[in-house]
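> First residue of the sequence shown: 1, per UniProt numbering; consecutive thereafter. In this text, a Cβ means the ideal position worked out from N, Cα and C, and glycines have one as well.
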Amino acid sequence: MAANSKTPAASKEAAPKKKGLTFLKSGQASWNLMLVALFVLEFVIFGAANPKFLKPQLLLTSIDDSMSVMIISLFVTFVMITGGIDIQVASLVGLTSIIIGVTWQDFGFSILQSCLLAIVVAAACGALSGFFIAYCGVQAMVVTLGGSFLYSGIALLVSTLSSTASYQGIGNFPDEFKVIGQYKIGGVIPLQIVIYIVLLVIAFILLHKTKYGRKIFLCGVNPSAAEFSGINSRRVIMSTYILSGIAAAIAGIILTSYLGTAKSDLGSDLTMDIVTAVVLGGTLSTGGKGSVFGTALSSLVIALLRFGLPLCFKIGTQYLDIPVGILLVAIIVGRSVASHQSVGTTVKSLFFRKDAQKA
Numbered sequence: 001m002a003a004n005s006k007t008p009a010a011s012k013e014a015a016p017k018k019k020g021l022t023f024l025k026s027g028q029a030s031w032n033l034m035l036v037a038l039f040v041l042e043f044v045i046f047g048a049a050n051p052k053f054l055k056p057q058l059l060l061t062s063i064d065d066s067m068s069v070m071i072i073s074l075f076v077t078f079v080m081i082t083g084g085i086d087i088q089v090a091s092l093v094g095l096t097s098i099i100i101g102v103t104w105q106d107f108g109f110s111i112l113q114s115c116l117l118a119i120v121v122a123a124a125c126g127a128l129s130g131f132f133i134a135y136c137g138v139q140a141m142v143v144t145l146g147g148s149f150l151y152s153g154i155a156l157l158v159s160t161l162s163s164t165a166s167y168q169g170i171g172n173f174p175d176e177f178k179v180i181g182q183y184k185i186g187g188v189i190p191l192q193i194v195i196y197i198v199l200l201v202i203a204f205i206l207l208h209k210t211k212y213g214r215k216i217f218l219c220g221v222n223p224s225a226a227e228f229s230g231i232n233s234r235r236v237i238m239s240t241y242i243l244s245g246i247a248a249a250i251a252g253i254i255l256t257s258y259l260g261t262a263k264s265d266l267g268s269d270l271t272m273d274i275v276t277a278v279v280l281g282g283t284l285s286t287g288g289k290g291s292v293f294g295t296a297l298s299s300l301v302i303a304l305l306r307f308g309l310p311l312c313f314k315i316g317t318q319y320l321d322i323p324v325g326i327l328l329v330a331i332i333v334g335r336s337v338a339s340h341q342s343v344g345t346t347v348k349s350l351f352f353r354k355d356a357q358k359a
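Okay, structure coming up:
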């Protein structure tokens with residue numbers, strides 16, 4: 001009886017309460033709720049600092065400016081869930097843009113043919129990188145880093161085929177092309193937001209409602225188990241880079257239409273925002289977990305951050321990479337700590353390890 005009477009106490013000791021950054025290791029629903037709270041907090045802080053921030057037209061403009069990041073991050077989520085990464089997508093935006101401009105202006109292509117060619121080229125670039133990663137076993141970081149330099153160089157090479165100087169950019173596009181990035185439904189809602197919503201729905205269905213999406217998650221959790229279960233994990237992984245390339249091409253088309261200019265370096269500064277949006281959205285950098293909806297929320301958070309800081313606190317746009325970079329590092333480090341142990345345990349292990357060894 002005495003032994004039994006101690007059992008409850010022993011069980012309580014065996015199951016201590018978890019402390020630390022519990023929200024960082026909670027479910028995706030809780031993570032999304034945190035992103036919504038962060039989104040609302042931005043409205044409160046920026047709105048209080050400058051009431052102009054709350055004007056619907058300005059908010060829609062901020063979303064327009066970040067549309068490339070919002071679109072590409074949806075499908076880079078697929079890549080990162082498999083355990084990979086794609087940092088070449090920004091260079092594909094510029095390659096897409098200059099292909100459209102040069103083929104339309106200097107080679108007599110129709111604007112539709114130019115756009116279709118750009119999408120095919122970007123998909124082929126994604127397929128090439130995906131092949132090296134999935135079938136040759138080369139690290140995704142190495143392949144896509146090399147790809148970013150390669151495709152940026154190709155974009156510059158293509159620009160030399162134009163009769164227009166590369167630094168000037170190619171403009172004077174037909175009205176039917178400008179509609180994609182500049183038309184507003186009812187004079188209020190930009191068409192590119194409607195395009196984004198369609199892509200969001202497609203990405204959500206692909207990742208969360210199909211067998212293909214389940215294969216992506218399984219490849220990220222355990223590629224070997226995926227192979228044993230009959231899944232061609234290499235084909236699945238390669239396909240995610242193709243989708244990422246197509247998304248970059250669509251973003252390049254919209255951005256070129258929005259700005260009215262085709263340039264080889266268009267979108268060259270998007271990489272960090274894209275990766276941050278995916279990681280902040282709840283996708284693990286090690287793969288196996290992620291959410292399209294979470295990525296969509298986090299990309300909105302970043303869009304408001306980049307819009308609100310200059311407008312409300314007069315922070316120069318050249319410094320906006322600093323808060324985004326801090327956000328990226330904080331999330332990765334926080335998730336890493338939370339997935340292993342509480343913050344308190346980490347601190348104790350760092351500062352009291354020697355004392356424990358002496359004892």
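#1: Suppose you measure from the CA of valine 76 to the CA of alanine 118; what does that come to, to the nearest Å?
#2: What first and last residue would you give for the alpha helix (DSSP H) that runs through isoleucine 41?
#3: With DSSP run on the structure shown, which of helix, strand or coil describes proline 190?
#4: Under three-state DSSP, which class holds alanine 277?
#5: Under three-state DSSP, which class holds alanine 262?
#6: Which word fits glycine 130, buried or exposed, when buried means at least 16 other C-beta atoms lie within 10 angstroms of its C-beta?
#7: Under a three-way DSSP split, which group does isoleucine 63 fall into?
#8: DSSP puts isoleucine 99 in a beta bridge; with which residues?
#9: Buried or exposed for serine 55, going by 16 or more other Cβ atoms inside 10 Å?
#10: Quick one: what does DSSP say lysine 184 is sitting in, helix, strand or coil?
#11: Going by the beta-carbon positions, is the gap between residue 436 and glycine 282 smaller than 8 Å?
#12: Please say whether leucine 207 and isoleucine 195 have beta carbons closer to each other than 8 Å?
#13: Specify the secondary structure class of residue 392 as computed by DSSP and reduced to three states.
#14: Flag this pair as yes or no: are the beta carbons of isoleucine 99 and valine 158 separated by less than 8 Å?
#15: Out of curiosity, what's the CA-to-CA distance linking valine 329 and valine 337?
#16: Is it the case that the Cβ atoms of glycine 334 and isoleucine 81 are separated by a distance below 8 Å?
#17: Of the residues Val36, Gly83, Thr96, Val179, which one's Cα is nearest the Cα of leucine 116?
#18: I'd like the list of long-range same chain contacts for isoleucine 253, defined as Cβ closer than 6 Å, with 5 residues on each side in sequence excluded.
#19: DSSP three-state call for phenylalanine 131: helix, strand or coil?
#20: Roughly how many angstroms lie between the CA atoms of valine 93 and valine 301, to the nearest whole one?
#21: As an exercise, report each continuous alpha helix (DSSP H) stretch of at least 4 residues that is fully enclosed by the segment 198-275, in chain order.
#22: Cutting at 8 Å between CB atoms, please list the residues of its own chain near aspartate 65, excluding the five before and the five after it.
#23: Please name the residue in Ala203, Gln192, Phe313 whose C-alpha comes closest to that of leucine 255.
#24: In angstroms with no decimal places, state the Cα-to-Cα distance between leucine 243 and alanine 123.
#25: Isoleucine 180 to serine 68, Cα distance in whole Å?
#26: To the nearest whole angstrom, what separates the beta carbons of leucine 218 and isoleucine 205, a pair I think is in contact under 8 Å?
#27: Have a look at glutamine 113 and leucine 309 and give me their C-alpha separation to the nearest angstrom.
#28: Suppose the cutoff is 6 Å on Cβ atoms and the five residues either side in sequence are ignored; what does the same chain contact list for alanine 249 look like?
#29: Between which two residues does the alpha helix (DSSP H) holding serine 148 run?
#30: Compute every distance between the C-beta of aspartate 65 and the non-hydrogen atoms of the ligand FMN, then say whether any falls below 7 Å.
#31: Taking all protein chains shown into account, do 16 or more other C-beta atoms lie within 10 angstroms of the C-beta of serine 5, making it buried, or fewer, making it exposed?
#32: For the putative contact between alanine 49 and phenylalanine 313, defined by C-beta atoms under 8 Å, what is the C-beta separation to the nearest angstrom?
#33: Rounded C-beta distance between valine 89 and isoleucine 332? I'm assuming under 8 Å.
#34: Going along the chain, which residues of its own chain have a beta-carbon closer than 6 Å to the beta-carbon of alanine 155, five neighbours each way excluded?
#35: Could you give the C-beta distance for serine 91 and tyrosine 151, rounded to a whole number, given that I count them as a contact under 8 Å?
#36: Tell me which residues share the same chain as valine 278 and place their Cβ nearer than 8 Å to its Cβ, disregarding the 5 neighbours each side in the sequence.
Considering the structure as presented:
#1: Here residue 76 is taken as the residue at index 76 of the sequence shown, counted from 1. Here residue 118 is taken as the residue at index 118 of the sequence shown, counted from 1. Each residue's Cα considered, the two are about 19 Å apart.
#2: As a working note, residue 41 is residue 41 in the sequence shown. The sequence shown places leucine at residue 41, not isoleucine. Where leucine 41 is concerned, the enclosing alpha helix (DSSP H) stretches over 28-49.
#3: Counting from one through the sequence shown, the residue named residue 190 turns up at place 190. Note: proline 190 maps to strand in three-state DSSP.
#4: In the sequence shown, counting from the first residue as 1, residue 277 sits at position 277. It is helical.
#5: Position 262 of the sequence shown holds residue 262. Alanine 262: strand per DSSP, three-state reduction.
#6: The residue you call residue 130 lines up with position 130 of the sequence shown. Buried.
#7: Position 63 of the sequence shown holds residue 63. DSSP places isoleucine 63 in helix when its eight states are reduced to three.
#8: As a working note, residue 99 is residue 99 in the sequence shown. Looking at the DSSP assignment, isoleucine 99 forms no beta bridge with any residue, so it has no partner.
#9: Start at 1 with the first residue of the sequence shown, and residue 55 comes out as number 55. As written in the sequence, residue 55 is lysine, which differs from the serine given in the question. Exposed.
#10: In the sequence shown, the residue the question calls residue 184 occupies position 184. In this structure, lysine 184 counts as strand in the three-state DSSP scheme.
#11: Residue 436 lies beyond the stretch modelled for the chain, which goes from 1 to 359, so this question has no answer here.
#12: The residue given as residue 195 occupies position 195 in the sequence shown. The residue given as residue 207 occupies position 207 in the sequence shown. The answer is no: Cβ separation not under 8 Å.
#13: The shown model of the chain, from 1 to 359, leaves out residue 392, and the question about it has no answer.
#14: As a first step, residue 99 is located in the sequence shown; it is residue number 99 there, counting from the start. As a first step, residue 158 is located in the sequence shown; it is residue number 158 there, counting from the start. Cβ atoms of isoleucine 99 and valine 158: closer than 8 Å.
#15: In the sequence shown, residue 329 corresponds to position 329, counting from 1. In the sequence shown, residue 337 corresponds to position 337, counting from 1. Rounded to the nearest angstrom, the two C-alpha atoms are 12 Å apart.
#16: In the sequence shown, residue 334 corresponds to position 334, counting from 1. In the sequence shown, residue 81 corresponds to position 81, counting from 1. Result no, Cβ atoms of glycine 334 and isoleucine 81 do not sit closer than 8 Å.
#17: Here residue 116 refers to the residue found at position 116 when the sequence shown is read from its first residue. Nearest C-alpha to leucine 116: Thr96.
#18: Here residue 253 corresponds to residue number 253 of the sequence shown, with the count starting at 1. Only Cys115 meet the Cβ criterion.
#19: In the sequence shown, the residue the question calls residue 131 occupies position 131. Helix.
#20: In the sequence shown, residue 93 corresponds to position 93, counting from 1. In the sequence shown, residue 301 corresponds to position 301, counting from 1. The alpha-carbon atoms of valine 93 and valine 301 are separated by roughly 22 Å.
#21: 211-221, 223-228, 233-259
#22: For the purposes of this step, residue 65 is identified with residue 65 of the sequence shown, where counting begins at 1. Excluding positions up to five away in sequence, the list reads Ala303, Arg306, Phe307.
#23: For this step, residue 255 is matched to residue 255 along the sequence shown. Among Ala203, Gln192, Phe313, the Cα nearest to that of leucine 255 is on Gln192.
#24: By 1-based counting over the sequence shown, the position of residue 243 is 243. By 1-based counting over the sequence shown, the position of residue 123 is 123. Roughly 7 Å separates the two Cα atoms.
#25: By one-based count along the sequence shown, residue 180 stands at place 180. By one-based count along the sequence shown, residue 68 stands at place 68. Their backbone Cα atoms lie some 13 Å apart in a straight line.
#26: By one-based count along the sequence shown, residue 218 stands at place 218. By one-based count along the sequence shown, residue 205 stands at place 205. Contact flag wrong, Cβ pair sits at about 18 Å.
#27: Taking the sequence shown and counting its residues from 1, the one referred to as residue 113 is at position 113. Taking the sequence shown and counting its residues from 1, the one referred to as residue 309 is at position 309. Approximately 40 Å between the Cα atoms of the pair.
#28: Translated into the one-based positions of the sequence shown, residue 249 becomes position 249. Taken in chain order, the residues that qualify are Thr96, Ala118, Ile119, Ala122.
#29: Within the sequence shown, the letter at position 148 stands for residue 148. Run containing serine 148: 140-159, per the alpha helix (DSSP H) assignment.
#30: Judged by which ligands are present, the structure shown has none, so any question about the ligand FMN falls away.
#31: Counted from its first residue, the sequence shown places residue 5 at position 5. Caution applies to serine 5, whose pLDDT of 46 falls short of 50 and renders its modelled position unreliable; the value that the coordinates give is listed next. When all chains shown are included, serine 5 counts as exposed.
#32: Here residue 49 is taken as the residue at index 49 of the sequence shown, counted from 1. Here residue 313 is taken as the residue at index 313 of the sequence shown, counted from 1. Indeed they touch by this definition, with Cβ atoms about 6 Å apart.
#33: Start at 1 with the first residue of the sequence shown, and residue 89 comes out as number 89. Start at 1 with the first residue of the sequence shown, and residue 332 comes out as number 332. Rounded, the Cβ-Cβ distance is 19 Å, inconsistent with contact.
#34: By 1-based counting over the sequence shown, the position of residue 155 is 155. Here the set comprises Gly94, Leu95, Ile98, Ser264.
#35: Taking the first residue of the sequence shown as position 1, residue 91 is located at position 91. Taking the first residue of the sequence shown as position 1, residue 151 is located at position 151. That belief holds up - the Cβ atoms of serine 91 and tyrosine 151 are roughly 4 Å apart, short of 8 Å.
#36: Here residue 278 corresponds to residue number 278 of the sequence shown, with the count starting at 1. Hits under 8 Å: Ser73, Val76, Thr77, Met80, Gly290, Thr295, Ser298.
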